[in-house]
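Participant:
Numbering (the UniProt record's numbering), first residue to last: 1 to 151.
1) Assuming residue 110 contacts residue 50 (C-beta within less than 8 Å), just tell me the rounded distance between them.
2) Measure the C-alpha to C-alpha separation of residue 122 and residue 96 and round it to an integer number of angstroms.
3) Determine the DSSP secondary structure at residue 22, reduced to helix, strand or coil.
4) For residue 90, which residues in the same chain have their Cβ closer than 6 Å to its Cβ, ignoring the five residues on either side in sequence?
5) Apply the 10 Å Cβ neighbour rule to residue 133 and answer buried if 16 or more other Cβ atoms are within range, or exposed otherwise.
6) In chain order, which continuous runs of the beta strand (DSSP E) of length 3 or greater are located wholly inside the stretch 86-120?
7) On a Cα-Cα basis, can you pick out the residue from 65, 108 and 135 that is closest to residue 78?
8) Is it buried or exposed, residue 30, if we count other Cβ atoms within 10 angstroms and call 16 or more buried?
9) So the candidates are 151, 26 and 145; which of them puts its Cα closest to the Cα of residue 120?
10) Identify every residue that forms a DSSP beta bridge with residue 13.
What follows is the structure in structure tokens.
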């Protein structure tokens, strides 16, 4: 089965790569999870868009990672307003890595991939200040505090 990857798959390839896999692996794993699309003429035209989007999000080396770290740690007030919170400060839902990535961008910071964020206990379930770690490069780690506010 010939597929075009839409996400990075370990031991297979990067987004935009055209790969040949066994039918069961493609049909039962890659396609349902959205990691690949069937290679057709129309899909091959989408490959360039996938590659451009991936390059925009990617950190391009150690110097670029240090610039992003300075931009993230230079942010003064990264806050996220949640719609529902109980009286004791506990959230009815939770704050995910995608929410934190959006808060960084809204605060004037760079676009950060949600998979590079490390939240305390994987989800934030209370209001207040929380330490968040961003893994930008194997040698560069940025840290900042996220203020979760009930709205």
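Don't be surprised by glycine CBs; every beta carbon is placed ideally from N, CA and C.
In this text, all values refer to a predicted model and were calculated from it rather than measured experimentally.
Facilitator: Quick answer:
1) The pair is not a contact, with the Cβ atoms about 21 Å apart (cut-off 8 Å).
2) Residue 122 and residue 96 have their C-alpha atoms spaced approximately 8 Å apart.
3) In this structure, residue 22 counts as coil in the three-state DSSP scheme.
4) Cβ within range, chain order: 126.
5) With fewer than 16 Cβ atoms within 10 Å of its Cβ, residue 133 is classed as exposed.
6) Along the length of the stretch 86-120, whole beta strand (DSSP E) runs at least 3 residues long occupy 90-95, reported in chain order.
7) Answer by Cα proximity: 108.
8) Buried.
9) Comparing C-alpha distances from residue 120 to each of 151, 26 and 145 shows the shortest one belongs to 145.
10) Note: residue 13 sits in a beta bridge opposite 9.
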